[in-house]
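The structure under discussion appears below in the form of C-alpha cells.
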C-alpha cells in the first residue's frame with residue numbers, strides 16, 4: 034500500500050491524505066494517531082481532526098428533533114395544494130401532530 038510522502042506546498046489536507054489516514058486507522062492492527070502522523074508527515078492534531086470529523090459525519094446531527102417526518106410534510110403540502118385558500122393557522126388546527134404555525138409555514142416554503 035502506498036501513501037503520499039508529504040505535503041508539497043499546500044497546508045490543506047488533500048483527499049489522498051485523508052483516505053490514507055482512514056485506511057491506516059481502520060486497519061485491524063490499530064495504528065495510533067501519532068504513528069499515522071509520523072508515517073504521513075502530518076501533525077497529530079491534523080490526523081485526530083480528520084478521524085473525529087469522519088466519525089461525526091456518520092451520525093445524525095445534534096439539535097432538537099423534527100416534529101414531522103417526510104410523509105407528514107408531503108400530506109401537509111398536498112392539503113395546501115387542494116385548498117390553496119387555507120391559511121397556515123387553519124392548516125395547523127387541522128393537522129394531527131401539534132406544532133406551531135411557524136412550523137407549518139416553514140414546511141410549506
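In this note's numbering, the protein residues as written are 34 to 142.
Heads up, the beta-carbon is just placed ideally off N, CA and C, and yes, glycines get one too.
Please read all numbers here as calculations on a predicted model, not as lab measurements.
Taking Cβ positions, are residue i and residue j nearer each other than 7 Å?
i: residue 64; j: residue 54; result: no
i: residue 140; j: residue 106; result: yes
Under 7 Å Cβ to Cβ from residue i, same chain only, skipping five residues before and after it: list those, please.
i: residue 122; result: 134
i: residue 80; result: 54, 66, 69 and 70
Whole angstroms is fine: what's the gap from residue i's alpha carbon to residue j's?
i: residue 88; j: residue 58; result: 12 Å
i: residue 41; j: residue 47; result: Any reading at residue 41 must be qualified, since the residue scores a pLDDT of 46, below 50, and its modelled position is unreliable; the value itself is stated next. So the alpha carbons of these two residues sit roughly 10 Å apart.
i: residue 51; j: residue 83; result: 7 Å
i: residue 86; j: residue 111; result: 39 Å
i: residue 98; j: residue 72; result: 41 Å
i: residue 132; j: residue 116; result: 20 Å
i: residue 142; j: residue 56; result: 42 Å
i: residue 104; j: residue 78; result: 43 Å
i: residue 100; j: residue 118; result: 24 Å
i: residue 113; j: residue 126; result: 13 Å
i: residue 49; j: residue 128; result: 50 Å
Could you spell out where the alpha helix (DSSP H) holding residue i opens and where it closes?
i: residue 145; result: No information on residue 145 is available, as it lies outside the stretch 34 to 142 that the chain covers here.
i: residue 124; result: 121 to 127
i: residue 138; result: 134 to 141
Keeping to the same chain, check which residues put their C-beta closer than 8 Å to that of residue i; ignore five residues upstream and five downstream.
i: residue 76; result: 70
i: residue 95; result: none
Considering only residues of the same chain and omitting the five flanking positions on each side of residue i, which have a CB-CB separation below 6 Å?
i: residue 124; result: 137
Does any residue of chain B have a CB that is nearer than 7 Å to the CB of residue i?
i: residue 77; result: Of the chains in the structure shown, none is chain B; there is only one protein chain.
May I have a chain-ordered list of the beta strand (DSSP E) segments no shorter than 3 residues that lie completely inside the stretch 53 to 83? Runs of the beta strand (DSSP E) inside the stretch 53 to 83: none found.
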